[in-house]
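I have placed the structure first, in the form of structure tokens, so that the comments after it can refer back to it.
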Amino acid sequence: MQIASWNVNSIKTRRDQVKDWLEEHAPDVLLMQELKGLEFPSETFRGLGYESIAVTQKAYNGVAILSRSPIKVVSKSLAGLEVDSHARFLEVIIKDVRIVNIYLPNGNPIGTEKFEYKLDWMDRLRGQMKRWLASEIPTIVGGDFNVIPEDIDCHKPASWIKDALFQPEPRERYRGFLDMGYVDAFRALHPDEKGQFTFWDYFRQAFEHNRGIRIDHFLLSPKLVGRLQSCEIDKDPRGLPKPSDHTPIVLTLD
DNA sequence: ATGTCGCCTCATAGGCGA
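Going by our numbering, the first residue of the first sequence is number 35, and it counts up by one from there.
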């Protein structure tokens, strides 16, 4: 079973790139983030053999899951808030695996309510992750975490020191997920590899110089770790004309 | 501070979010 995740930074703008990528790689499941609009081209993906579920809002955020196998929707919002107006969460079950697609808040700039919202969102996610561990169903939490877990996950720590993605509080919370028993699939298989990133800024030719960060992740519940075969970053789409600022990460399970 | 995208609107320029 192959599951990919890609922050597409507008599905309207990136639709053809996603279509081309699906035709070339044919994953069983694709998680997408930052759809950035109400419209979702489900017919395009149906034509490629994928059914889809999208959680959208105007202009911002938005997540979707494509799958070749039937999708059972469990929840379209993260528990813990009466009204969470952000489209950032989608929990489904596909082939007896719980698959959770997240677009975790960016949190910039630090010292604002946006940063507090990010920390609160992570605390709410932690609560859900704890509950999922107690269930029979194995769980994958994937997507854009907007967290640089360790120094090795960025080109130069000094240039991220004031960024919300690199602050101690979100990083501690991310480590908390691992302490709970979840496994960072990419890092588990590539423990010491430097320069492995999933995002590069549009400006200053960051991609050309490989000045990036690793913020798109797959976390596996303990039940799934034995099935982990590979987890790779596909840099190619980031090199295309008019790319997303993120590139896909691809997980393969037995 | 800046760079560059993509969205939106009291819209063809500027603000917001990333």
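Backbone N, C-alpha and C fix where the C-beta goes; we use that ideal spot for every residue, glycine too.
Residue range 283-287 is occupied by the beta strand (DSSP E) that includes leucine 285.
In this structure, leucine 124 keeps its C-beta atom at 9 Å or more from the C-beta atom of leucine 56.
CA-CA distance, leucine 138 to valine 217, rounds to 18 Å. Boundaries of the alpha helix (DSSP H) harbouring glutamate 57: 45-59, taken from the DSSP string. With a threshold of 16 other beta carbon atoms within 10 Å, tyrosine 236 falls short and is exposed.
Rounded to the nearest angstrom, the gap between the Cα atoms of arginine 205 and methionine 35 is 29 Å. With contacts defined as CB atoms closer than 9 Å, isoleucine 37 and phenylalanine 74 fail to qualify as a contacting pair. With contact defined as three or more Cβ pairs closer than 8 Å, the segment 172-181 and the segment 242-254 are in contact. At the C-beta level, asparagine 41 and serine 278 come within 9 Å of one another.
In the same chain as lysine 152, and ignoring 5 residues on each side of it, the C-beta atoms closer than 6 Å to its own belong to Pro139, Gly141, in chain order.
As DSSP reads the structure, lysine 106 sits in a beta bridge with Ile127.
In the three-state scheme derived from DSSP, where H, G and I count as helix and E and B as strand, threonine 78 is classed as helix. CA-CA distance, glycine 81 to lysine 190, rounds to 43 Å.
In the three-state reduction of the DSSP assignment, alanine 198 falls in the helix class. Fully contained in the segment 184-254 are the following alpha helix (DSSP H) runs of length 4 or more, in chain order: 202-213, 219-223. In the same chain as valine 134, and ignoring 5 residues on each side of it, the C-beta atoms closer than 6 Å to its own belong to Glu125, Val175, in chain order. Annotation: the continuous alpha helix (DSSP H) that includes glutamate 147 extends over 147-167.
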